[in-house]
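In the numbering used here, each residue's number is its place in the sequence shown (first place is 1) plus 8.
C-beta atoms are modelled at their ideal positions from N, C-alpha and C, and glycine is treated no differently.
Keep in mind it's a predicted model, so treat the numbers as computed, not measured.
Structure, as structure tokens:
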Amino acid sequence: MFRFYLAILLAGLSLPAVAETQVERGKYLAEIMTCNECHTPGALLGKPDKNNPLAGSEVGYEIPMLGIFYGANLTPDTETGIGSWTADQIVTAIRTGVRPDGRVLSAAMPWRSFAALTDKDAKAIAAYLKSLKPMSRKVPGPFGPSEKATSFYYGFVMPPKK
Ligand code: HEC
């Protein structure tokens, strides 16, 4: 009898896990690839707004000689987010840095590190972004090298002259 129960228990343990959906896979990848760090409001200030994931950051990154760039609103809002982008356009931006309008994203967005994503994983991230609640929220900038930033940013400071 005991053996019988043991056999059932082991059979249960070896059942395949419930399949992960494409959106779940995308959410998981977005989390471990730290998209929230740079794209969720408040995250770089230590207080991520969990109700509005990936709705854009108020803290930018300075790239010397180029300007100051803020983590974009990645929700499907058509005015302030990427709601008008197709899934393929999102995949292209993440892997090659090229936006639908042809502008190449600055190095503030680590697309060079994301270039190695497989088609399957890149598409899963795009599907997850498309599943987010659209949030109307315009991020500041981008600001050119001679413009004044209107919100916080990580900047480069020259070391003092000896
Ligand atoms: C280290 C910070 C950082 C991380 C991590 C990061 N991003 Fe970005 N991302 C940025 C910044 C800054 C911009 C804006 C760059 C620019 O305008 O040149 C940006 C721009 C984008 C854009 C273009 C949006 C637009 O409207 O132009 C997409 C799409 C994007 N990121 C997706 C992602 C995804 C998906 C992840 C995670 C897999 C991610 N980013 C991780 C900082 C980051």
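When distances are taken from the beta-carbon of Arg107 to the heavy atoms of ligand 1, the shortest one is below 7 Å. Boundaries of the beta strand (DSSP E) harbouring Glu70: Gly68 to Ile71, taken from the DSSP string. With a cut-off of 8 Å on Cβ pairs, the segment 148–155 is not in contact with the segment 83–99, counting fewer than three such pairs.
When C-alpha distances from Thr158 are compared across Ile133, Lys170, Leu125 and Glu70, the shortest belongs to Glu70. Under the three-state reduction of DSSP, Phe160 is assigned to coil, being neither helix nor strand. For Met41, the shortest C-beta to heavy atom distance toward ligand 1 is below 7 Å. In the structure shown, Val165 falls within a coil segment according to DSSP collapsed to helix, strand and coil. The Cβ-Cβ distance between Ala123 and Leu37 does not fall below 8 Å. Shortest Cα-Cα distance from Asp129 to any of Leu113, Pro61, Ile98 and Asn59 involves Ile98. The beta carbon of Ala63 sits closer than 6 Å to the beta carbons of Pro49, Asn81, Thr83, Met143 and Arg145 from its chain, once the five residues preceding and following it are set aside; these are given in chain order. Phe122 is not bridged by DSSP to any residue.
The beta carbon of Ala123 sits no closer than 7 Å to any heavy atom of ligand 1.
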